[in-house]
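*Asks:* Top to bottom, those sequences are chains X and S.
Reading the first sequence from the start, the letters are residues 111 to 258 in my numbering.
Reading the second sequence from the start, the letters are residues 3 to 668 in my numbering.
Glycine included, every Cβ here is placed at the ideal spot set by N, Cα and C.
As the structure is a computational prediction, the values presented were derived from the model and not from experiment.
Next up is a structure, given as structure tokens.
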Amino acid sequence: MESTLRRPPVKSTTAARGNSIKFIAGGIVLLGVIAFVMFNTIQANTVYYYTLSEVQTQQASLVGKTIRVNGPLDKTSIRNDQKNLVLEFNLVQDGIVLPVVYQGVAPDTMSSGESVVAEGKLDSDGVFRAQSILVKCPSKYQESPVQY
Amino acid sequence: MANPQIAEVGNLALVLGLAASVYVVFAAVFSQIKRRNEFFLSARNGVWLIAGLATLAVVILEWALITHQFRFEYVASHVSRDQPLFYTITALWGGQQGSLLFWVWLLSLFGAIVLLQHPGESDPLIPWVIAFLAFTSAFFFSLLVFVSSPFTLLAQAPADGIGLNPLLQDPGMIIHPVTQYLGYVGFAVPFAFAFAALVTGKLGYDWIRTTRRWALFAWLFLSLGLLFGMRWAYVELGWGGYWGWDPVENAALIPWLTGTAYLHSVMIQEKRGMLKVWNLVLILLTFLLTILGTFITRSGVIQSVHAFGVSSMGPFFLAYIAAVLVVTVYFIYVRLDKLKEENRLDSMLSREATFLLNNLILLGAAVATLWGTVFPLISEVIVGKQITVAAPFFNQVNGPIFLALVLLMGVCTLIGWRRASPRHLVRNFMSPAAVAVVTMVVLMLIGVRDPYGLIALVAAAFVLTTILLEFYRGTRARMRMYKENAAIAQAQLVNKNRRRYGGYIVHLGVILAVIGIVGSTFFQTSAQQNLAPGQTVELGPYLVQFDRLTVTREPNAQVIGADLVVFENGRQIDTMRPLKAYYPAADQMTTEVAVRTTMRDDLYVILAGWNDDGSATLKVIINPLVLWLWVGFGVFILGTIITMLPDPREAKALERVRAEKAWVGA
């Protein structure tokens, strides 16, 4: 970070031009590698969003895949076993009920939550085993940063 | 005055602010096209008017917040009567409308500061600078006027407000948005100068020199924003970490990455007259990414843990970003002949080459992070379905990128400008490499096995040595040359070349932070257990004993705590008390973790739940080395401030440039 003055321009030599080309080529290779890694890893890490009705109609094909489900929370269904840290609740929409089981600490906002985004896998018995849950609170809160 | 009239005044201030901004844009541009200086003077006055109107709006909103004017919708949703005054004042930036007002207020003040820094009419860039800043404030004013006003009234005042979200009632969360916004808004100034340089065709190093401190200032505050956000997540959210690759976190990181690239690449333009187009592109990207960041955090457009209310601001932001992008790219194209490189790269083995590589890597990280962040939006447009990208993506892509960046930081210090001799390089290389090998052996002996963690720590040791060697050599040279003692020589070394050694101190901070990040990422351990009073849970060297649950009352919350005693190697070393607080007004719980910090590790205890039988469920986490993350940030900030201090060399260089110009002009 020295603040010396700019040195006078040097005549560009063939070697210097060769360096520029080398550098551009190297840069392209580097960005190519980053892009390759990016697209490869994105494949393995994309998670699709499903609504409750989509989960119901496509149940068979979804079993075992990591997906995200978004639905309204039935507050009366919340059972929080604090000793074993098992949280169970139902997402309910248009008569469709999806039971969700989450192993872990219940989010602080669970009891006042309006809807839940759960990420996890659907079991063949129709229970959604969540690996992470995100509680959406009524719109009166503009911010509800809670994730576990 | 009754509430409706005051709200009218507030809204009027916003409308006039919009009108004044539009006027300044036209007056400033007109003054240049028609060479009518009186319009420029009028535009300058307009800048002061904008600042005054924005300030008036802020004062009115603050007054409403502090005096509990619950007819104001914004007040009712962000303030409650039992809320401490501090959080009532800071509720100004606790919600969407208030924080947009805060944005435009900062921007208007920065505009006024630019005028103070450039009195008189000599600088040909200034009219275009204020035109661009006014264009941007016109955009934000129109959001406030047409989309969501902070002065909207309810039909009737409720008895009490909802209050600020309890999670945000934390000093860290109050400072975080301010620093973040100072950083975001700060980059508008260097970009405005870049834009002015493009329009006027004065594309030398002047616009960069003029805004060097603005760019550093903005970058410093973006860094502080990251620090306070991470710190808040760590102590307040209670999941044991500080970074989750959430869209809002990414929105803060991405402009920081491109801004870092910019700060490095402008040095090459300064020294060698190269990379002129590249620097313009980087400052353009950085500025637009701060706007995009504001949009992402303020619009709820991407599913985020921050879950801001969804709003209809999207098209406005897209239109603004598109307009700036198109106009700037057009001017870059028009000015290409004035942006010719004065030099070419002499050697691949030169500091310039490492800077270029650093730029590519930083940009790669920014693109990868941006891609993962906006992927849900893109997929929604293309396949009609929101597809989110899970956190492992960001770790897998950015992990190797950041490792390369760290290594480069070390290599860069070893390589001189222009052309380095391989023999010299090998000699410089030996001792850091030796330290790296020793570090690896020691780490393996004490049982570190995780390959990624090992590689990262060894790399950190290598770079740390190169930086310390740089200080050692410089200090020794001064001791010999000026017969100074070690402490004075060390201080003078930094003092006499603030930019260079300030930069090394920044790098030192980064390495310390890397050590903290690696420790807490790869070597975290945790246990989760339900304990009756008297029972214990063991983790690593620690034994945590649960004594009892205690309940206390605070003005606006009820607090449940678990009294814990901590033992290490059979000896009692401390007591801890993790809490859960219940806020009746918001009907919400918050978790207050207990953290015991040492240089070696953090013992982090969360009260996960409790039962009627008096038992408590605890989650205990050991985060190795995480203290060094915060220490590293501290060093980093110190280094940045040192680079911003007035530099005697810089003043001299500037004088010489002026003299040369006068000579050429004569």
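Pick out whichever of 408/S, 274/S, 291/S has its Cα sitting closest to the Cα of residue 348/S.
*Replies:* 274/S
*Asks:* For the putative contact between residue 619/S and residue 193/X, defined by C-beta atoms under 8 Å, what is the C-beta separation to the nearest angstrom?
*Replies:* Right, the Cβ-Cβ distance comes to about 6 Å (below 8 Å), so this counts as a contact.
*Asks:* Against residue 391/S, what residues of chain X qualify as contacts under a CB-to-CB distance less than 8 Å, listed in chain order?
*Replies:* Simply 152, 155, 156, 157.
*Asks:* Shorter than 9 Å from the beta carbon of residue 216/X to some beta carbon of chain S?
*Replies:* yes
*Asks:* Please work out which residues of its chain come closer than 6 Å, Cβ to Cβ, to residue 562/S, disregarding the five sequence neighbours upstream and downstream, and give them in chain order.
*Replies:* 553, 582
*Asks:* For a contact defined as C-beta to C-beta under 9 Å, what are the partners of residue 147/X on chain S?
*Replies:* 370, 398, 399, 402, 403
*Asks:* Please determine, among 279/S, 374/S, 314/S, 638/S, the residue with the shortest C-alpha to C-alpha distance to residue 150/X.
*Replies:* Residue nearest to residue 150/X within the set 279/S, 374/S, 314/S, 638/S is 374/S (criterion: CA-CA distance).
*Asks:* Evaluate residue 266/S with the Cβ neighbour count: other Cβ atoms within 10 Å of its Cβ, from every protein chain shown; 16 or more gives buried, anything less gives exposed.
*Replies:* buried
*Asks:* For the 8 Å Cβ check, are there 3 or more pairs between the stretch 130-141 of chain X and the stretch 170-186 of chain X?
*Replies:* no
*Asks:* Restricting to runs no shorter than 3 residues, where is the beta strand (DSSP E) found entirely within the stretch 535-614 of chain S?
*Replies:* 538-541, 544-556, 559-570, 573-578, 581-585, 590-594, 596-599, 603-612
*Asks:* Check whether the Cβ of residue 638/S lies closer than 9 Å to any Cβ atom in chain A.
*Replies:* Looking at the structure shown, chain A is missing, and the protein chains on hand are X and S.
*Asks:* Could you say which of 448/S, 657/S, 465/S, 282/S lies nearest to residue 432/S if we only look at CA atoms?
*Replies:* 465/S
*Asks:* Determine which residues share a DSSP beta bridge with residue 217/S and list them.
*Replies:* DSSP, once it has assigned bridges, lists no residue as partnering residue 217/S.
*Asks:* So residue 195/S packs on residue 220/S, CB below 8 Å; how close in whole Å?
*Replies:* Here residue 195/S is actually not in contact with residue 220/S; their C-beta atoms are around 12 Å apart, not less than 8 Å.
*Asks:* So, does the stretch 342-356 of chain S touch the stretch 201-220 of chain S, judging by three or more C-beta pairs under 8 Å?
*Replies:* no
*Asks:* May I ask you to list, following chain order, the residues of the stretch 570-594 of chain S that have a beta carbon less than 8 Å from some beta carbon of chain X?
*Replies:* 582, 588, 589, 590, 591, 592, 593
*Asks:* Three or more C-beta pairs closer than 8 Å, one from the stretch 77-85 of chain S and one from the stretch 163-176 of chain S: is that the case here?
*Replies:* Yes, they touch.
*Asks:* Taking one C-beta from the stretch 445-453 of chain S and one from the stretch 373-387 of chain S each time, how about it: are there three or more such pairs within less than 8 Å?
*Replies:* no
*Asks:* My understanding is that residue 468/S touches residue 416/S, with C-beta atoms under 8 Å, so please give their C-beta distance in whole angstroms.
*Replies:* Going by Cβ atoms, the distance from residue 468/S to residue 416/S rounds to 6 Å, so yes, they are a contact pair.
*Asks:* With DSSP as the reference, please indicate the residues paired to residue 156/X in a beta bridge.
*Replies:* 391/S
*Asks:* Is there contact between the stretch 322-329 of chain S and the stretch 243-258 of chain S, where contact requires at least three CB pairs shorter than 8 Å?
*Replies:* No contact exists between the stretch 322-329 of chain S and the stretch 243-258 of chain S.
*Asks:* With a threshold of 9 Å between beta carbons, is residue 524/S in contact with chain X?
*Replies:* Interface residue (Cβ-Cβ distance to chain X less than 9 Å): residue 524/S is not classified as such.
*Asks:* How would you list, in chain order, the residues of chain X whose beta-carbon sits under 8 Å from the beta-carbon of residue 605/S?
*Replies:* Chain X residues near residue 605/S: none, gap ~17 Å exceeds 8 Å.
*Asks:* Taking CB distances under 9 Å as the criterion, tell me whether residue 167/X reaches chain S.
*Replies:* no
*Asks:* Is the CB-CB distance between residue 154/S and residue 64/S below 9 Å?
*Replies:* no
*Asks:* What's the gap between the Cα of residue 332/S and the Cα of residue 98/S?
*Replies:* 33 Å
*Asks:* Indicate whether residue 53/S and residue 41/S have their beta-carbon atoms separated by less than 9 Å.
*Replies:* No; because the gap between Cβ atoms is not below 9 Å, this pair is not in contact.
*Asks:* How many angstroms separate the CA atom of residue 233/X from the CA atom of residue 57/S?
*Replies:* 57 Å
*Asks:* Suppose you measure from the CA of residue 239/S to the CA of residue 622/S; what does that come to, to the nearest Å?
*Replies:* 15 Å
*Asks:* Using a threshold of 9 Å, state whether the C-beta atoms of residue 298/S and residue 369/S are closer than that.
*Replies:* no
*Asks:* What is the rounded straight-line gap between the Cα of residue 483/S and the Cα of residue 472/S?
*Replies:* Using only the alpha carbons, I get a separation of about 17 Å.
*Asks:* From the DSSP output, read off the bridge partner residues of residue 181/X.
*Replies:* In DSSP, residue 181/X forms a bridge with 226/X.
*Asks:* Between the stretch 202-212 of chain X and the stretch 175-189 of chain X, can you find at least three pairs of beta-carbon atoms closer than 8 Å?
*Replies:* yes
*Asks:* Does residue 14/S come out as helix, strand or coil in the three-state DSSP assignment?
*Replies:* In the structure shown, residue 14/S falls within a helical segment according to DSSP collapsed to helix, strand and coil.
*Asks:* So residue 210/X and residue 240/X are in contact, right, with Cβ under 8 Å, and what is the actual spacing, rounded?
*Replies:* 5 Å
*Asks:* Name the one or two DSSP bridge partners that residue 74/S has.
*Replies:* 155/S
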